[in-house]
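In this note's numbering, the protein residues as written are -17 to 470.
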């Protein structure tokens, strides 16, 4: 040990790195967090606007219980550090034919809305789907998401002792194929197929099991007052009260290992001796040698490839005209059968589905003057600067066809190549490894790596993409370090 209290370096101050820093600092370790950007949060980003900071990454918090547990484990209460508001409307959905549907946190209200819009058969199908996703979530949450190292034998035993899960899993179908079987109304199948994109997947290639994402969202969508970056700031502040030290605007050149064990990290001009390292970045940075040869064997290539989707994002302030917006809005493509086909070929979509977050409309607020917006378009992980103007035109023209325009017209867009520059070796992919295929969950790297003393956290590690999943990965990494270094 380099000191009486072990020294742990965390590379990256995304949610995974922050949550790990909080847990480990509370445990008594010396924690040093190194972040190449100027602020904490990782993909939880903001950009300036005339109406104030506007979200440019995740927009809401789901699975609040994950963060309640994080704060409780260190003797704190989440609600003392951030202000959260539970949203009545999960999302408002628009189709080109003028159909508009609100999904609500109250199941009965959602079913009534579907009954009104699509009829009693569709409402009954929705209720059956909701019950099925709840069953899947409660079955696989402890065995997969909450498990530090899920295994195929454990999953097999779970299914063998609960054979009723097999038809709910629909293992031989993709998410899109399963939804087409469950919903006679194509627009509802299109709506729930979009959940595959939440973890960087395509509906026709992602497993039907990902339908359980709906239940995670149906448990509650929470708005963080002031924007999602306030959650990152709160975790950082709490970690600092326990002694964690944060270093911003610094680049990590390499991870050093001696006798096969990580022992130091190198920044520009300095060597930092440590007892363990947590990497909170895209694991592909390790396999490509971006952090030196000692860490290159930490994760197999199958743990990082193939890549998940990226996105093109517009964050701005403007006055909207046209559509009656909620806080969360989805504007669907015309053809649900072909909308994702170009993405399978690494090409942008000519007829996309767009997500629009009206940040100042949380809590059913009706703002006046310029409002803050974030628009997200699914994109392939690699594209070129030549597509920037085309992308901006596509986003704005698609929304205009739905009747939504903005004044002034936004003129900047963050594209996959920009994300590739922000997050080294990611290729712009925002979700790490692709979730395609039934075995994808078992190929994602877990907290412990093949290099002793080097651990992983973040959306590229198990249990996967998303803010609560990154926090869970931090719990797994912190627990592994506490065990390996005998921290109490």
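The beta carbon of each residue, even a glycine, is placed where N, CA and C say it ideally should be.
State buried or exposed for residue 374, treating a residue as buried only when at least 16 other CB atoms are found within 10 Å of its CB.
buried
What do you reckon, is the C-beta of residue 378 under 8 Å from a heavy atom of the ligand COA?
The model depicted lacks the ligand COA and carries no ligand whatsoever.
Quick one, are the C-beta atoms of residue 304 and residue 384 less than 9 Å apart?
yes
Using a Cβ-Cβ cut-off of 6 Å (strictly less than) and excluding sequence neighbours within five positions of residue 224, which residues of its own chain qualify?
7, 8
Pairing CB atoms from the region 85 to 97 with CB atoms from the region 408 to 420, are three or more of them under 8 Å?
no
Can you tell which of 437, 443, 316 has the C-alpha that lies nearest to the C-alpha of residue 424?
443
Take every Cβ of the region 321 to 336, pair it with every Cβ of the region 395 to 409, and state whether three or more of those distances are shorter than 8 Å.
no
What did DSSP end up calling residue -17 once you bin it into helix, strand or coil?
Only weak support exists for where residue -17 lies, its pLDDT of 41 falling under 50; the coordinates are left without a value.
Considering only the beta carbon of each residue, do residue 84 and residue 95 sit closer than 9 Å?
yes
Should the region 272 to 291 be called in touch with the region 349 to 357, which here means at least 3 C-beta pairs below 8 Å?
no
Assumed close pair residue 194, residue 122 - CB separation to whole angstroms, cut-off 8 Å
7 Å
Beta-carbon proximity list for residue 472, same chain, < 6 Å, skipping 5 on both sides
The chain is shown only over -17 to 470; residue 472 falls outside these bounds and no answer can be derived.
Pairs of beta-carbons, one from the region 105 to 118 and one from the region 140 to 160, closer than 8 Å: are there three or more?
yes
In this structure, how does DSSP classify residue 63 when only helix, strand and coil are distinguished?
coil
What does DSSP give as the partner residues of residue -4 in its beta bridges?
23
Do residue 222 and residue 42 have their CB atoms nearer than 9 Å?
no
Note down, one range per segment and in chain order, each alpha helix (DSSP H) of at least 4 residues found wholly within the region 318 to 373.
323 to 326
Would you tell me roughly how many angstroms separate the C-alpha atoms of residue 292 and residue -14, rounded to the nearest one?
43 Å
Residue 491 versus residue 436: straight-line alpha-carbon distance, rounded
There is no way to answer for residue 491, as the model of the chain reaches only from -17 to 470.
Pull up the distance between the alpha-carbon of residue 128 and that of residue 448, whole angstroms please.
14 Å
Any idea what DSSP makes of residue 86, helix, strand or coil?
strand
Return the bridge partner residues of residue 311 from the DSSP annotation.
74, 338
To the nearest angstrom, report how far apart residue 161 and residue 393 are at their CA atoms.
37 Å
Extent of the continuous alpha helix (DSSP H) run through residue 196
195 to 200
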